[in-house]
Amino acid sequence: IRLYGSARCDLVTQDVVCDWVDLSEQGTKTQTVTFSQADEIHRFFNRAQPAVRLAVDAPLSLSAYAALTHRYACLAAVLEEAVSPTIRVNQRNTKLTFLGTKDSDLFAIAYFATLPFTAGRTLQRHLVMLTAMLQTYDSERLGMPYRRRLDSFSHYLAQLCQRFPHQPDLPEPAESFLTQPLQLCLTNSRGQTLDLYRSTSFGLRQLSDLDSTSSQSFALPAVEELGPQLSLERLIEFLTGIQDWP
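With the first letter of the sequence shown counted as 1, position 140 gets the number 173 in the working numbering; the numbers rise by one all the way through.
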């Protein structure tokens with residue numbers, strides 16, 4: 034079976050007999066997956082849809098919505114992995130969910146999702162940091178297929194950063210919504226999650242709002258976006274769960 038570029042979510046696999054599938058773009062069998070047991074077929078064809086979840090520490094107003102969608106439209110013109118998000122808003126925060134069709138697009142989608150925000154510059158530094166982390170890892174400890182995935186990811190990440198060596202030219206964020214703290218989480222098709230980014234001040238605004246009703250004052254610390262405390266082992270575990278790197 035040749036299966037390049039197809040979504041593998043919620044497919045009916047009853048009575049399906051399959052020994053292997055070809056994931057290569059040209060059908061050259063250079064990227065295949067082999068099944069040794071029948072239940073592996075079901076797991077392969079019924080995976081979770083890859084997702085990027087971005088939480089913004091503020092509710093989304095209509096004017097902020099207009100500013101945000103304008104920025105996304107500008108970025109979509111130059112980033113082919115761009116997808117439209119679903120948006121959920123409550124009184125405290127806004128949650129945007131970007132659904133992808135393959136795991137290998139997750140980091141590009143995450144990059145796209147955060148670029149309209151002031152914190153987007155910080156995420157770019159995180160991507161460079163991830164590449165540096167991987168270079169320190171002894172890939173000989175892994176089997177050859179996993180080593181190839183890590184090599185592919187390192188190459189892919191370097192290319193992604195080169196596509197946007199600097200913050201793209203976008204209108205200044207007149208909306209304070211675009212300067213709010215962020216939390217970013219990735220979920221691959223195996224259901225594994227990776228907390229890629231969290232602003233140090235995320236969630237503190239709500240504490241300040243609650244305290245403002247009392248006689249005591251609550252001073253927020255200076256907003257400085259710091260890198261997530263990602264362990265190298267956790268990153269490796271997430272990346273080796275991705276099978277569709279080019």
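Glycine included, C-beta positions come from ideal geometry on N, C-alpha and C. From a predicted model like this one, the values you see are computed outputs, not experimental measurements.
Please identify the residue among the options whose C-alpha is closest to the C-alpha of residue i.
i: Val161; options: Pro149, Thr151, Phe186; result: Phe186
i: Arg86; options: Gln225, Thr155, Ala146, Asp55; result: Ala146
i: Arg80; options: Leu268, Ser222, Ser232, Thr226; result: Ser222
i: Ala99; options: Leu237, Phe210, Asp138; result: Phe210
i: Pro118; options: Tyr105, Ser234, Leu193, Val66; result: Tyr105
i: Leu132; options: Gln82, Thr102, His103; result: Gln82
i: Tyr230; options: Leu237, Arg158, Glu270; result: Arg158
i: Cys51; options: Gln195, Glu58, Ser69; result: Ser69
i: Thr102; options: Glu270, Pro149, Thr273, Leu237; result: Pro149
i: Leu215; options: Ala88, Ser57, Leu237; result: Ala88
i: Arg121; options: Leu93, Val111, Ala110, Cys107; result: Leu93
Mark residue i as exposed unless 16 or more other C-beta atoms lie within 10 angstroms of its C-beta, in which case mark it buried.
i: Arg125; result: exposed
i: Leu265; result: exposed
i: Gly153; result: buried
i: Val54; result: buried
i: Lys62; result: exposed
i: Asp90; result: buried
So, are the CB atoms of residue i and residue j less than 8 Å apart?
i: Ala84; j: Thr130; result: yes
i: Leu190; j: Leu163; result: yes
i: Asp138; j: Glu114; result: yes
i: Ala141; j: Leu217; result: no
i: Thr151; j: Thr212; result: yes
i: Ser96; j: Glu208; result: yes
Identify the residues that DSSP records as bridge partners of residue i: which are they?
i: Ala84; result: Leu132, Thr220
i: Arg181; result: Note: Arg181 sits in no beta bridge, so no partner.
i: Leu215; result: Val89
i: Thr127; result: Val89, Val122
i: Thr226; result: Thr220
Tell me the residue span of the beta strand (DSSP E) that contains residue i.
i: Thr233; result: Per DSSP, Thr233 belongs to no beta strand (DSSP E) and is neither H nor E.
i: Ile269; result: Ile269 -> not in any beta strand (DSSP E); alpha helix (DSSP H) instead, spanning 265-273.
i: Thr119; result: 119-122
i: Thr67; result: 65-67
i: Asp55; result: 53-55
List the endpoints of the continuous alpha helix (DSSP H) containing residue i.
i: Cys107; result: 95-109
i: Thr61; result: No alpha helix (DSSP H) contains Thr61, which DSSP labels as neither H nor E.
i: Leu112; result: Note, Leu112: premise wrong, no alpha helix (DSSP H); not H, not E.
i: Thr169; result: Careful: Thr169 lies outside any alpha helix (DSSP H) and carries neither H nor E.
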